[in-house]
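So the sequence shown is numbered by the UniProt record's numbering: it starts at 1 and just counts up by one.
Beta carbons are placed, not taken as given, at the ideal position from N, Cα and C, and that holds for glycine.
This structure is a prediction, so every number in the text was calculated from the model and none was measured.
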Amino acid sequence: MNLNSDNNITDLPQRILLVDDEEDIRDVLTIALEDMGYDVTTAENGKDALEQFVAADFPMVLTDIKMPGMDGIELLKKIKQISPETEIIMITGHGDMDLAIESFRNEAVEFITKPVDVTTLEIAISRAKKKQKIRQGLKAYTESLESMVLEKSNALASHPARGDDKKEILESMENLPLIVFVVDRTFKIKTGNALFKKTFAIGNKTLKSTGADPESCDGTSQINGELFENNSEQFCHRVCRNNALPCPECPALATFQDGESHQIEVSYTLANEEQLPCLAWAAPIAVDGDGTVSEAIIMATDIQKVMDIKDHLTSLGLMIGSVSHGIKGLLTGLDGGVYLLNSALKKEDQDQAREGLQMVQQMTAKIKKMILDILFYAKDRKLQKEKVSAKNFAGDLLNTMDSRAKNLSIELKSKLPDPDFNFMADAGALDSALINILDNALDACVTDGKKNESPKEKYFVELSVSCTPSKLIFTITDNGIGMENQDMEKAFCLFHSGKGKGGTGLGLYISKHVIDQHGGTIKIDSEKNKGTTFTVTLPK
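Encoded structure:
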């Protein structure tokens with residue numbers, strides 16, 4: 001299903017709830033929204049807005065942040081609790097960027113600044129509607145999965161649960177692109193299809209000690225419980241969730257209780273401890289003479305891609321706020337550089353002109369880096385590995401950082417391998433990852449220099465490259481400001497920045513992502529006011 005296709009989704013209701021404590025703004029925005037074709041309902045405060053929302057359930061809300069009583073962020077949280085699918089656009093003043101970012105963290109879809117420009121308003125509403133359509137597409141996709149699971153469950157449940165028909169059930173299960181298994185009332189697994197066994201790494205070790213081959217077991221023997229050993233791992237809560245006791249939310253439990261079909265979104269625990277989000281459906285498959293359900297079939301489908309899309313939409317919303325905040329600061333610096341440059345040209349002051357040009361160059365470089373980070377995050381790509389010279393690769397990194405280090409009066413040191421050796425990597429991606437770390441190291445020295453009236457010994461950043469027979473090790477050390485423990489714990493989290501308003505929180509997140517893609521690890525050792533060391537270990 002194309003989740004962006006408008007052909008499969010009916011137009012959304014054109015109703016908007018507008019909330020602002022200033023009557024003039026409500027009147028002007030109402031006229032603009034009605035001209036766009038929307039049915040507008042207004043409220044003068046958060047309390048009134050919440051009452052109207054509960055009564056009418058609007059698909060879209062446009063609200064000011066700063067209002068007396070219940071502010072816009074509190075209103076946002078309450079509406080999202082009632083209706084998570086409602087999209088909310090926040091209106092902010094020019095000095096409210098921190099509040100705007102807080103709005104994104106609470107799932108606002110967009111924010112616009114006062115005075116509100118009609119074109120900007122149209123773009124914000126268009127983005128909100130697009131996100132609603134994507135969500136509707138996800139919902140339709142999920143419902144189609146539910147329908148497929150229900151159809152297959154009903155088909156299997158309609159088979160008589162005796163004799164050779166059980167073999168037919170097993171054969172049907174084997175052909176399904178779903179995780180399928182059968183449990184009894186004690187939640188003991190009676191059988192599972194090939195995808196079930198593959199997903200949970202169930203192989204010959206789970207067979208009885210007779211040494212029977214799973215391929216040679218017929219349907220009757222499997223459905224009668226001869227597939228699994230008589231140990232604790234044969235229970236579904238152990239195999240699928242790594243739980244010692246049955247799961248209280250298990251759909252099979254509900255099926256045993258009322259004889260009906262039940263569904264749930266659940267995370268299964270794989271053999272490698274990773275979590276697999278699934279939509280699971282349970283239905284009765286065998287009934288005793290007294291009408292008691294004795295066996296239930298559970299069918300589950302992987303919804304990881306659906307969850308990834310949801311997470312990505314949320315992350316993009318956060319990123320817009322974080323990046324907008326960062327760009328605002330960079331543009332302010334750029335304006336300052338342009339002002340200095342223009343003033344110097346008028347006065348023919350060469351020193352001031354150089355200072356202004358240097359500021360413009362620095363701000364331009366930062367904006368370029370931010371854009372590259374955004375592009376890298378927005379488009380996840382596969383690695384293109386090639387043979388790379390360790391010495392040449394490290395030399396290119398140092399050349400890239402040399403100019404900035406000199407401008408900041410920071411010594412750039414190195415310990416390169418001798419003799420040289422080769423390793424397999426995507427040089428472009430790994431270069432970006434390590435540049436981000438080196439940039440952070442330089443920033444740590446600059447920050448420390450600003451905070452100390454009497455600077456300590458000369459600041460340095462050192463890149464060291466070494467190897468073992470199986471591993472390549474990059475070590476990046478600085479003697480800058482260092483990190484607190486809580487900053488080290490969050491250093492690689494998306495949108496966490498130790499630079500405050502000076503960073504987007506994308507750089508180290510992207511670095512770790514690239515290093516993970518290479519099968520490597522990254523760790524931080526740091527002490528406040530003494531410095532930081534990043535250690536990147538990669539397979540050769």
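Legend entry - Where His262 falls: helix, strand or coil (DSSP): Sequence index remark: in the sequence shown, residue 262 carries index 262 (1-based). Residue state, collapsed to three classes: strand.
Legend entry - 7 Å Cβ shell around Val109 - same chain, five flanking residues per side excluded: Locating residue 109 in the sequence shown gives position 109, counting from the first residue. The residues are Glu87, Ile88, Ile89, Arg127, Ala128, Lys131, Gly317.
Legend entry - Residue from Gln517, Leu341, Ile476 whose Cα sits closest to the Cα of Ala427: Position 427 of the sequence shown, counted from the start, is the residue given in the question as residue 427. Answer by Cα proximity: Gln517.
Legend entry - Between the CA atoms of Asn392 and Pro417 - distance to the nearest angstrom: Numbered from 1 along the sequence shown, position 417 holds the residue referred to as residue 417. Numbered from 1 along the sequence shown, position 392 holds the residue referred to as residue 392. Pro417 and Asn392: Cα-Cα distance of roughly 10 Å.
Inset, instruction - Kindly indicate which residue of Asp288, Met299, Lys512 has the alpha-carbon position closest to the one of Ile264. - result: For this step, residue 264 is matched to residue 264 along the sequence shown. Of Asp288, Met299, Lys512, the residue nearest in Cα terms is Met299.
Legend entry - Given Thr269 as reference, the closest of Thr475, Asn529, Arg241, Ile31 once Cα atoms are compared: To locate residue 269, count along the sequence shown from 1; it is residue 269. Nearest C-alpha to Thr269: Arg241.
Inset, instruction - Inspect the CB distances between the region 477-493 and the region 396-409 and report whether three or more fall short of 8 Å. - result: no
Inset, instruction - Can you tell me which of the three DSSP states Asn422 falls into? - result: Within the sequence shown, numbered from 1, the residue matching residue 422 stands at position 422. Three-state DSSP puts Asn422 in a strand.
Legend entry - In DSSP terms, what Val388 is bridged to: As a position in the sequence shown, residue 388 is number 388, starting the count at 1. BP columns for Val388 point to Phe423.
Inset, instruction - Would you mind sorting Ser343 into buried or exposed? The rule is 16 or more other CB atoms within 10 Å of its CB. - result: By one-based count along the sequence shown, residue 343 stands at place 343. With fewer than 16 other Cβ atoms within 10 Å, it is exposed.
Legend entry - Cβ-based burial, Asn399 [other Cβ within 10 Å; buried from 16]: Taking the first residue of the sequence shown as position 1, residue 399 is located at position 399. Exposed, since its Cβ has fewer than 16 Cβ neighbours within 10 Å.
Inset, instruction - Express the C-alpha separation of Glu122 and Phe111 in angstroms, rounding to a whole number. - result: Mapped onto the sequence shown, residue 111 falls at position 111. Mapped onto the sequence shown, residue 122 falls at position 122. So the alpha carbons of these two residues sit roughly 12 Å apart.
Inset, instruction - Find out if the Cβ-Cβ distance for the pair Thr537, Gly520 is shorter than 8 Å. - result: On the sequence shown, residue 537 is found 537 positions in, with the first residue counted as 1. On the sequence shown, residue 520 is found 520 positions in, with the first residue counted as 1. A contact, by the Cβ cut-off of 8 Å.
Legend entry - Bridge partner(s) assigned by DSSP for Met60: The residue you call residue 60 lines up with position 60 of the sequence shown. Met60 is bridged to Ile16, Glu87.
Inset, instruction - Output the boundary residues of the alpha helix (DSSP H) element that contains Lys471. - result: Translated into positions along the sequence shown, residue 471 becomes position 471. Here Lys471 belongs to no alpha helix (DSSP H); instead the beta strand (DSSP E) covers 471-478.
Inset, instruction - Evaluate Asn204 with the Cβ neighbour count: other Cβ atoms within 10 Å of its Cβ, from every protein chain shown; 16 or more gives buried, anything less gives exposed. - result: Locating residue 204 in the sequence shown gives position 204, where the first residue counts as 1. Bear in mind that a pLDDT of 39 at Asn204, under 50, signals an unreliable position, so the model cannot answer this.
Inset, instruction - For Val54, count neighbouring Cβ atoms within 10 angstroms of its own Cβ and tell me buried if that reaches 16, exposed if not. - result: For this step, residue 54 is matched to residue 54 along the sequence shown. It is exposed - the Cβ of Val54 has fewer than 16 other Cβ atoms within 10 Å.
Inset, instruction - Confirm, please, whether the CB-CB distance from Asn436 to Leu508 is below 8 Å. - result: Position 508 of the sequence shown holds residue 508. Position 436 of the sequence shown holds residue 436. Their beta carbons are under 8 Å apart, which means Leu508 touches Asn436 by this criterion.
Inset, instruction - With a 10 Å radius around its C-beta and 16 neighbouring C-beta atoms as the bar for buried, classify Leu245 as buried or exposed. - result: Taking the sequence shown and counting its residues from 1, one reaches residue 245 at position 245. Label assigned to Leu245: exposed.
Inset, instruction - State the Cα-Cα distance for the pair Asp117 and Gly137, rounded to the nearest angstrom. - result: In the sequence shown, counting from the first residue as 1, residue 117 sits at position 117. In the sequence shown, counting from the first residue as 1, residue 137 sits at position 137. Cα to Cα, the separation comes out at about 30 Å.
Legend entry - Paired residues, beta bridge with Lys523 - DSSP: Locating residue 523 in the sequence shown gives position 523, counting from the first residue. Looking at the DSSP assignment, Lys523 forms a beta bridge with Thr535.
Inset, instruction - In the DSSP assignment, find the unbroken alpha helix (DSSP H) run with Leu75 in it and report its ends. - result: In the sequence shown, residue 75 corresponds to position 75, counting from 1. That run of the alpha helix (DSSP H) goes 72-82.
Inset, instruction - Go ahead and pull the three-state DSSP assignment for Ile123. - result: Translated into the one-based positions of the sequence shown, residue 123 becomes position 123. It is helical.
Inset, instruction - Quick one: grab the DSSP three-state call for Asp39. - result: As a working note, residue 39 is residue 39 in the sequence shown. Strand.
Legend entry - Chain-order list of residues whose beta-carbon lies under 8 Å from that of Gly259 (same chain, five-residue window excluded): Translated into the one-based positions of the sequence shown, residue 259 becomes position 259. Only Pro284, Val287, Gly291, Val293 meet the Cβ criterion.
Inset, instruction - With a threshold of 16 other CB atoms inside 10 Å of the CB of Leu17, please say whether the residue is buried or exposed. - result: Your numbering for residue 17 matches position 17 in the sequence shown. Label assigned to Leu17: buried.
Inset, instruction - Just mark Ala56 as buried or exposed, buried being the case when its beta carbon has 16 or more other beta carbons within 10 Å. - result: Residue numbering aside, residue 56 sits at position 56 when the sequence shown is read from its first letter. Ala56 should be labelled exposed.
Legend entry - Reduced DSSP category for Asp302 - H, G, I as helix; E, B as strand; rest coil: Locating residue 302 in the sequence shown gives position 302, counting from the first residue. Strand.
Inset, instruction - Keeping to the same chain, check which residues put their C-beta closer than 6 Å to that of Pro539; ignore five residues upstream and five downstream. - result: Residue 539 sits at position 539 when you count from the first residue of the sequence shown. The residues are Gly519.
Inset, instruction - Identify whether Gly137 lies in helix, strand or coil by the three-state DSSP scheme. - result: For this step, residue 137 is matched to residue 137 along the sequence shown. In the structure shown, Gly137 sits in a helix (DSSP, three-state: H, G or I).
Legend entry - Rounded Cβ spacing between Ile476 and Val465 (contact assumed at less than 8 Å): Residue mapping note: residue 476 aligns to position 476 of the sequence shown, counting from 1. Residue mapping note: residue 465 aligns to position 465 of the sequence shown, counting from 1. About 10 Å; that fails the 8 Å criterion.
Legend entry - Inter-residue Cα distance where the pair is Ala441 and Cys250: Counted from its first residue, the sequence shown places residue 441 at position 441. Counted from its first residue, the sequence shown places residue 250 at position 250. Distance between the alpha carbons of Ala441 and Cys250: 49 Å.
Legend entry - Whole-number beta carbon distance between Ile515 and Ala491, since they are thought to touch under 8 Å: In the sequence shown, residue 491 corresponds to position 491, counting from 1. In the sequence shown, residue 515 corresponds to position 515, counting from 1. Their Cβ separation, rounded to whole angstroms, is 13 Å, which puts Ala491 and Ile515 out of contact at 8 Å.
Legend entry - Whole-Å CB distance - Phe187 paired with Cys236, under 8 Å assumed: Translated into the one-based positions of the sequence shown, residue 187 becomes position 187. Translated into the one-based positions of the sequence shown, residue 236 becomes position 236. Contact flag correct, Cβ pair sits at about 5 Å.
Legend entry - Close beta carbons around Ile73, own chain, < 7 Å, minus the five adjacent residues each side: By one-based count along the sequence shown, residue 73 stands at place 73. Here the set comprises Ile65, Leu99, Glu102, Ser103, Asn106.
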